[in-house]
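J.: Using full-length UniProt numbering, read the sequence shown as starting at 1 and increasing by one per residue.
Note that beta-carbon positions come from the ideal geometry of N, C-alpha and C, so glycine has one too.
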Amino acid sequence: MNRQALCLPGYLSKFYPALIGSLVVVLLMVFSPTQAKSPAFPVQVANGFSPIELTRTDTRYGLASLNHSSGFIPAPEGVALDNAPDLVPQEPTFGLDPDFRLHHRYWLYTRIENSTENSNWVLHISNFGFLQPRVLIRDGSGQTIKTFSNSGYESGTDINTIGRAVKVRLPAGKSYLMVVELKAHHAAWHPYIALMSDRHYQTWKTQQDFAYKLAVGMILGLILLGLTCWLLTREKAFFWASFSAVLQLAYYLEHSSIPAILWQSTYEKTALFWLLIYSTMLSQLAFAGSFLKLNRNSGKWYYAFSGAALTTLLLCVASLVLPFQVNMGLAALSYLIVALVILGSGVAKVRTEGSYYIIYLLGWFPMVLSILQVAWVTQGPRETLGEVTVSYKMIHVLYIQIVHMFLHTIALILLIRALREEKLRAEYISQAKSRFIAQSSHDLSQPLNSMSIFLEYLRPHIHGLDGTKIFDRLKNTHRQMSESFKSIMDLSKLESGTIRPELKPVNLSDLFFRLQHEYRMLAAEKNIELSFQPCSLKVFSDPVLLERILRNLISNAVKYTDSGKVIVGCRRGGENVVIQVLDTGCGIDKETQNHIFDIYYRSARDPKQTDGSGIGLSIVKHISELLHHPVNMTSVPGKGSIFTISVPRLGEVSPSQHETVKPAENMPVVALVFQDNELRDSLIERLERWHCSVLTFSSVEAARQSSTPASVLLCEYPSLRSASLSSEAAGMLAQQTVAACVCDPDTPLPDNWIALSTAVLPSQLRALLNVALRRRRSQLSLTPA
1 MNRQALCLPG YLSKFYPALI GSLVVVLLMV FSPTQAKSPA FPVQVANGFS PIELTRTDTR
61 YGLASLNHSS GFIPAPEGVA LDNAPDLVPQ EPTFGLDPDF RLHHRYWLYT RIENSTENSN
121 WVLHISNFGF LQPRVLIRDG SGQTIKTFSN SGYESGTDIN TIGRAVKVRL PAGKSYLMVV
181 ELKAHHAAWH PYIALMSDRH YQTWKTQQDF AYKLAVGMIL GLILLGLTCW LLTREKAFFW
241 ASFSAVLQLA YYLEHSSIPA ILWQSTYEKT ALFWLLIYST MLSQLAFAGS FLKLNRNSGK
301 WYYAFSGAAL TTLLLCVASL VLPFQVNMGL AALSYLIVAL VILGSGVAKV RTEGSYYIIY
361 LLGWFPMVLS ILQVAWVTQG PRETLGEVTV SYKMIHVLYI QIVHMFLHTI ALILLIRALR
421 EEKLRAEYIS QAKSRFIAQS SHDLSQPLNS MSIFLEYLRP HIHGLDGTKI FDRLKNTHRQ
481 MSESFKSIMD LSKLESGTIR PELKPVNLSD LFFRLQHEYR MLAAEKNIEL SFQPCSLKVF
541 SDPVLLERIL RNLISNAVKY TDSGKVIVGC RRGGENVVIQ VLDTGCGIDK ETQNHIFDIY
601 YRSARDPKQT DGSGIGLSIV KHISELLHHP VNMTSVPGKG SIFTISVPRL GEVSPSQHET
661 VKPAENMPVV ALVFQDNELR DSLIERLERW HCSVLTFSSV EAARQSSTPA SVLLCEYPSL
721 RSASLSSEAA GMLAQQTVAA CVCDPDTPLP DNWIALSTAV LPSQLRALLN VALRRRRSQL
781 SLTPA
């Protein structure tokens, strides 16, 4: 069956009236009692049609014509095709629109006169939905029957792009009666039947095959390009665009010649057919949702997409038990819902954001044109159908899909470009913020220190209860300002990479004692219990930074606990010590947990009831990443939270880690290859401030051949490009040392090379050094004693 447009999971226009009108027409097509309009054909007696005279060998002769055939006549029940020539009807014909829902078998009578010298001819029948069509040919010497099989050349059938053909021998100078028999169980497209010479058929077939295979190849190329972009960018829209294109191509290929060629398909519409249709709709919903960045916070459109997806899934399950005609109607209904949701959400985005969303909407427009074309042909006004002409729609729809994919590719490229610009803007703002904080730190800290001194001088002069209350409020405000300023400065130092951890043994018992003494009074003021579990374990960490992590966690726990208790303890966890801070406070809901470590983020807990700037947990996250101490959280709203941090246990640390960190021995040696002197000097200054040894080279080859081994190789892309290194050599170099290149985000690099932005952020540089340190430690742990 080739009725592809009726259940085509298509695409949408941005114009609501045209969309709704076309989709209503689709529904009318499905639920109408006949496949399409059947005009009132003039009464014609079968014996009265004129024969088809074969005069040329370079043309196709259409047999489905009221001028030269009887039209399609229902075959009598129980009568074989062999007896058809003896039953030439004298009744009016049924025209050229056989309705296979009323009769499963039709005959078409026509007469042929061969006036050429050619005897080798080919009879072609379009559409693979007919079940084993047959043709009977009778002349004065007898009759033969040819069968159009799906088994290809073995049965004498040639399968081409749009249908099947068999060779027939019609000696010159004779007249023939042809009876074509068509069988089908469901409504089918108008059958195109043509007779042509063998040479002309080969030329016609070659042209079709070329156009068809070219389209399929272009679609596969765009799909491969989309998957490659997804692997490189991890942008979900590329994946869903490629996946939906694969499914749509599979839908088109399902009723093409490929199933007949590969596995002699009978083209029966099984559950897999409906699964393919509904899967295509779902993948298109997923692509639209990922492109528009829909999530739970998107409001009504998120629920609209969820509802459309759920409806499509339910109809897909129902299609397993429903009959064909009902499934056709339900598929059209599902397509209507999906179409309205995709189009409506796209129009809403255009109104609010514009830009590439307009191209995104245009990407759906070619497919809507195809639907409108089918609706016009089947339901629109037209003249009496006197002849069935050839249809290349099976090829046209592939080129329409190419246009659709090309427009959406442009939209995706514009989307990635916009995201990249947003990222660069955010990096610039972050750098500007860091510079401002660094430059203004002295100006801000000096007044706070002076205020503290003045408050101490002011204390003896405070008298009376009211004065004492005001003075206490002033002291509390100063304390909050000082803590907020210190948090901001710490966060700025962490982001810029100026804080360098000094790892050494840390006694958790001493650390817990100091923290308990410090926060005991604060917990008592809130009438909550603060307890520290005894611990005799030692860990290997930076004592100052580890204490800052625990200080922030305990402070938050006390701050957000109104009643109950806060417990701090530790336990062994393999090679690590797991330190936990547990509270019975208000807890954190699941949606907030994904953002709780973001800077300035405050949870749903009423901020009026708590002090602070929302920086504490962000500092915890930064320090844990700097120390490589993973921090995790579990929380139940209304019951409390548990924050867990894993720290290496001292007993499991290699002997080299017990030594005091010495810059020349323990920090990585960095080799720089830069043509930009300003950038190179800036990197040298920062690396030496971090106590790293820095070597400079004029080329990558010189750095590679140096007698002093480097832990990190950092170069510019022009230097890497000019290096005469093969891909294997570049990959091997990256295995021996941590190799990084300063380049644009989309620049291709050799295997295992790390890309740094052209700004070379301190956080990126610090991460690069951490990679080198971890690699060195892993090598030391593998070295036998």
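For VAL180 and LEU96, which I take to be in contact (beta-carbon distance under 8 Å), what is that distance rounded to the nearest angstrom?
T.: By 1-based counting over the sequence shown, the position of residue 180 is 180. By 1-based counting over the sequence shown, the position of residue 96 is 96. 12 Å between Cβ atoms; not a contact.
J.: Is it true that the CB of LYS538 sits closer than 8 Å to the CB of VAL558?
T.: In the sequence shown, the residue the question calls residue 558 occupies position 558. In the sequence shown, the residue the question calls residue 538 occupies position 538. No.
J.: Around the Cβ of ILE554, are there at least 16 other Cβ atoms within 10 angstroms (buried) or fewer (exposed)?
T.: Within the sequence shown, residue 554 is the residue found at index 554, counting from 1. Flag for ILE554 reads buried.
J.: Is residue 786 near ALA703, with beta carbons less than 8 Å apart?
T.: Outside the displayed span of the chain (1 to 785) sits residue 786, for which this structure offers no information.
J.: Which whole-angstrom value describes the C-beta separation of THR161 and TYR212, a residue pair presumed to lie in contact below a C-beta threshold of 8 Å?
T.: Within the sequence shown, residue 161 is the residue found at index 161, counting from 1. Within the sequence shown, residue 212 is the residue found at index 212, counting from 1. Yes, THR161 and TYR212 are in contact; Cβ-Cβ is about 5 Å, under 8 Å.
J.: Can you name the start and end residues of the beta strand (DSSP E) that PHE291 belongs to?
T.: Stepping through the sequence shown from its first residue, residue 291 is reached at position 291. Careful: PHE291 lies outside any beta strand (DSSP E), inside the alpha helix (DSSP H) at 271 to 291.
J.: Starting from residue 826, trace the alpha helix (DSSP H) both ways and give me its first and last residue.
T.: Here the chain comprises residues numbered 1 to 785, so residue 826 is not present and cannot be evaluated.
J.: HIS463 CB to nearest chain B CB: under 8 Å?
T.: Checking the listed chains, one finds no chain B in this structure; it contains a single protein chain.
J.: Going by beta-carbon coordinates alone, are LEU550 and ILE588 separated by less than 8 Å?
T.: As a working note, residue 550 is residue 550 in the sequence shown. As a working note, residue 588 is residue 588 in the sequence shown. Their beta carbons are not under 8 Å apart, which means LEU550 does not touch ILE588 by this criterion.
J.: Skipping 5 residues on each side, what residues in its chain have a beta carbon closer than 7 Å to that of LEU773?
T.: Position 773 of the sequence shown holds residue 773. Cβ neighbours of LEU773 beyond the five flanking positions: PRO668.
J.: With burial defined as no fewer than 16 other Cβ atoms inside 10 Å of the residue's Cβ, what is the status of GLN284: buried or exposed?
T.: The residue you call residue 284 lines up with position 284 of the sequence shown. A buried status is given to GLN284, since no fewer than 16 other beta-carbon atoms sit within 10 Å of its beta-carbon.
J.: Could you tell me the distance, in whole angstroms, from the CA atom of LEU27 to the CA atom of GLU625?
T.: Taking the first residue of the sequence shown as 1, we reach residue 27 at position 27. Taking the first residue of the sequence shown as 1, we reach residue 625 at position 625. Residue confidence is low: LEU27 scores 39 on pLDDT, short of 50, so the model does not pin down where it sits. No coordinate-derived value is stated.
J.: For a minimum of 3 consecutive residues, which ranges assigned as the beta strand (DSSP E) are wholly contained in the segment 491 to 535?
T.: 504 to 507 and 529 to 532
J.: For the beta strand (DSSP E) that contains SER646, what are its first and last residues?
T.: Position 646 of the sequence shown, counted from the first residue, corresponds to residue 646. DSSP places SER646 inside the beta strand (DSSP E), whose first and last residues are 640 to 648.
J.: Output needed for ASN127: all residues of its chain with C-beta closer than 7 Å, excluding positions within five of it in sequence on either side, in chain order.
T.: Indexing the sequence shown from 1 puts residue 127 at position 127. Answer for ASN127: ASN2, GLY163, ALA188, TRP189 and PRO191, listed in chain order.
J.: Go to LYS236, then tell me how far its alpha helix (DSSP H) extends in each direction, as first and last residue.
T.: Working through the sequence shown from its first residue, we reach residue 236 at position 236. Run containing LYS236: 236 to 254, per the alpha helix (DSSP H) assignment.
J.: Taking DSSP's pairing of strands, which residues face HIS404 in a bridge?
T.: Along the sequence shown, one-based indexing puts residue 404 at 404. Per DSSP, none; premise fails for HIS404.
J.: Decide if ASN47 is buried, meaning its Cβ has at least 16 other Cβ atoms within 10 Å, or exposed.
T.: As a working note, residue 47 is residue 47 in the sequence shown. Low confidence applies to ASN47: its pLDDT is 48, below 50, so where it sits in the model is not reliable enough to give any reading.
J.: Please classify ASP510: is it buried, with 16 or more other beta-carbons within 10 angstroms of its beta-carbon, or exposed?
T.: Translated into the one-based positions of the sequence shown, residue 510 becomes position 510. Result: exposed.
J.: Rounded to whole angstroms, how far is the Cβ of LEU282 from the Cβ of THR312, which I believe are closer than 8 Å?
T.: To locate residue 282, count along the sequence shown from 1; it is residue 282. To locate residue 312, count along the sequence shown from 1; it is residue 312. Yes, they are in contact, since the Cβ atoms of LEU282 and THR312 sit about 6 Å apart, within 8 Å.
J.: For ILE738, which of PRO534, LEU769 and GLU716 has the nearest alpha-carbon?
T.: One-based indexing of the sequence shown puts residue 738 at position 738. It should be pointed out that residue 738 corresponds to Val in this sequence rather than to Ile. Of PRO534, LEU769 and GLU716, the residue nearest in Cα terms is LEU769.
J.: Quick one: Cα of ASP562 to Cα of GLY585, how far?
T.: In the sequence shown, residue 562 corresponds to position 562, counting from 1. In the sequence shown, residue 585 corresponds to position 585, counting from 1. The straight-line gap from Cα to Cα measures roughly 6 Å.
J.: What residue does the beta strand (DSSP E) around ILE596 start on, and which one ends it?
T.: Position 596 of the sequence shown, counted from the start, is the residue given in the question as residue 596. Unbroken run through ILE596: none, as it is neither H nor E.
J.: Under three-state DSSP, which class holds ASP625?
T.: Along the sequence shown, read from residue 1 onward, the residue named residue 625 stands at position 625. Here residue 625 turns out to be Glu, not Asp, going by the sequence shown. In this structure, GLU625 counts as helix in the three-state DSSP scheme.
J.: Which residues mark the beginning and the end of the beta strand (DSSP E) in which ARG138 is found?
T.: Within the sequence shown, residue 138 is the residue found at index 138, counting from 1. Looking at the DSSP string, the run of the beta strand (DSSP E) that includes ARG138 is 134 to 139.
J.: What three-state label does DSSP hand PHE485 in the structure shown?
T.: Numbered from its first residue, the sequence shown carries residue 485 at position 485. Three-state DSSP puts PHE485 in a helix.
J.: How about ILE337 and ALA318: do their beta carbons lie closer than 8 Å?
T.: Here residue 337 refers to the residue found at position 337 of the sequence shown. Here residue 318 refers to the residue found at position 318 of the sequence shown. Cβ atoms of ILE337 and ALA318: not closer than 8 Å.
J.: Among PRO630, GLU685, LEU582 and SER391, which residue has its Cα nearest to the Cα of VAL636?
T.: Start at 1 with the first residue of the sequence shown, and residue 636 comes out as number 636. Between VAL636 and the set PRO630, GLU685, LEU582 and SER391, the nearest pair of CA atoms involves LEU582.
J.: Determine the closest residue to HIS628 out of ALA271, ILE567, LEU108 and PHE540, with distance taken between C-alpha atoms.
T.: Residue 628 sits at position 628 when you count from the first residue of the sequence shown. Of the candidates ALA271, ILE567, LEU108 and PHE540, the one whose C-alpha sits nearest the C-alpha of HIS628 is PHE540.
J.: So PHE305 and ALA237 are in contact, right, with Cβ under 8 Å, and what is the actual spacing, rounded?
T.: Within the sequence shown, the letter at position 305 stands for residue 305. Within the sequence shown, the letter at position 237 stands for residue 237. Going by Cβ atoms, the distance from PHE305 to ALA237 rounds to 14 Å, so no, they are not a contact pair.
J.: Given a cut-off of 8 Å, decide if THR116 and THR55 are closer than it, judged by their beta-carbon atoms.
T.: Here residue 55 corresponds to residue number 55 of the sequence shown, with the count starting at 1. Here residue 116 corresponds to residue number 116 of the sequence shown, with the count starting at 1. Against a cut-off of 8 Å, the Cβ pair of THR116 and THR55 comes out as a contact.
J.: Helix, strand or coil for ALA64 per DSSP?
T.: For the purposes of this step, residue 64 is taken as the residue at position 64 of the sequence shown. Correct three-state label for ALA64: coil.
J.: Taking the Cβ atom as the reference point for each residue, do LEU444 and PHE485 lie within a distance shorter than 8 Å?
T.: For the purposes of this step, residue 444 is taken as residue 444 along the sequence shown, with counting starting at 1. For the purposes of this step, residue 485 is taken as residue 485 along the sequence shown, with counting starting at 1. In this structure, PHE485 lies closer than 8 Å to LEU444 by Cβ.
J.: Would you list the one or two residues that DSSP bridges to PRO74?
T.: Within the sequence shown, residue 74 is the residue found at index 74, counting from 1. Bridge partners of PRO74: TYR106.
J.: Assuming ILE342 and ALA288 form a contact by the criterion Cβ under 8 Å, report the distance between their Cβ atoms to the nearest whole angstrom.
T.: As a working note, residue 342 is residue 342 in the sequence shown. As a working note, residue 288 is residue 288 in the sequence shown. ILE342 to ALA288, Cβ: 5 Å. Contact.
J.: Which value, in whole angstroms, describes the spacing of the CA atoms of LEU508 and VAL577?
T.: Reading the sequence shown from its first residue, position 508 is the one you call residue 508. Reading the sequence shown from its first residue, position 577 is the one you call residue 577. Near 10 Å, if we compare the C-alpha coordinates of VAL577 and LEU508.
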